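So the structure is just underneath, and the comments pick up after that.
Number of protein chains: 2
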Amino acid sequence: MTPAPEPPYYAVIFISRRTARENGYGAAADRMVRLAAEMPGFLGIESVRDEGGVGITVSYWQDEAAIAAWKAHAEHTAVREQGRANWYEEFEVRVAKVERAYGWRK
Amino acid sequence: MTPAPEPPYYAVIFISRRTARENGYGAAADRMVRLAAEMPGFLGIESVRDEGGVGITVSYWQDEAAIAAWKAHAEHTAVREQGRANWYEEFEVRVAKVERAYGWRK
């Protein structure tokens, strides 16, 4: 699970339903994770997709400015266009301020 | 995707890695969703688990008081004990205030 500093920090919750088209999706998704990880203020990312094509990706950021800079990244912007054209049936984005966090492990 | 009112509202992001044991997990998880949906201030829930056993569940709540009431629910508390004993290798909980949200669909 993504290590993270003490709250507060930000979470971007991205929930999506994929089309059946692959069309370069996997490579583009991997590339976006690598690019995001190079951005200032990036704290981590967790992503799960089930067999039905529904996925939840949560990325963590230091502040709103870091989120805005990633959204404005030219390659990310271009890939979002492809996402709407080819890869997603629908998605929902929620930007949230993490106020507290705790974990547990065996 | 879960319908939701205009922000602000709260999200509880629960990320977990399951053990290989079924042991009543599916029925208990379904029951918890039904019980949560009866709680005042419940707004919705989205849940995805991949084949590797990693899952992300995001539940939405009107305010912190609604989250606290659900956490204190007796049956939910008992099931969390079972979760640590049987069903989870590890989990992470993050409570976050959703500040903005937008969606898109074809």
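One line per chain: the protein sequences are A and B, in this order.
One gets my numbering by counting positions in the first sequence from 1 and adding 2 to each.
One gets my numbering by counting positions in the second sequence from 1 and adding 2 to each.
Even for Gly, the Cβ is constructed at its ideal location relative to N, Cα and C.
For clarity, every value in this text was computed on a predicted model and none was experimentally measured.
In terms of beta-carbon proximity, I17/A lines the interface with chain B, with at least one pair separated by less than 8 Å. For E40/A and Q84/A, the gap between their C-alpha atoms comes out near 22 Å. The continuous beta strand (DSSP E) containing K99/A extends over residues Y90 to R107. Along the segment 79-108 of chain B, going in chain order, the ones with a CB nearer than 8 Å to a CB of chain A are R86, Y90, E91, E92, F93, E94, V95, R96, V97, A98, K99, V100, E101, R102, A103, Y104, G105, W106, R107 and K108.
A39/A carries a helical assignment under DSSP once its states are collapsed to helix, strand and coil. Distances from the alpha-carbon of G43/B to those of R86/B, E66/B, G28/B and A30/B put E66/B closest. The C-beta distance from T4/A to E48/A rounds to 5 Å, short enough to meet the 8 Å contact threshold.
Only residues of its own chain outside the window of five on either side were considered, and among them V81 have a CB closer than 6 Å to the CB of A30/A, listed in chain order. Here R20/B is near W89/B, since their CB atoms are less than 8 Å apart. The three-state reading of DSSP puts A76/B in helix, counting H, G and I together. Take the alpha-carbon of E92/B and the one of K108/B: they are about 37 Å apart.
Annotated as distal: P9/B and R96/B, with beta-carbon spacing of 8 Å or more. Taking a Cβ-Cβ threshold of 7 Å, the residues of chain B close to R51/A are V50 and D52, in chain order. Contact check for Y12/A and I69/A: beta-carbon distance about 6 Å, within the 8 Å limit, so the pair qualifies. Of all residues in the segment 54-71 of chain A, the ones placed with a Cβ closer than 7 Å to any Cβ belonging to chain B are V56, G57, I58 and V60, in chain order.
Interface residue (Cβ-Cβ distance to chain A less than 8 Å): A13/B is classified as such. Within the model, the alpha-carbon separation for W63/B versus N25/A is close to 37 Å.
For A13/A, the enclosing beta strand (DSSP E) stretches over residues Y11 to R20.
Close CB contacts of V50/A within its chain, under the 6 Å cut and outside five residues either way in sequence, are with I58 (chain order).
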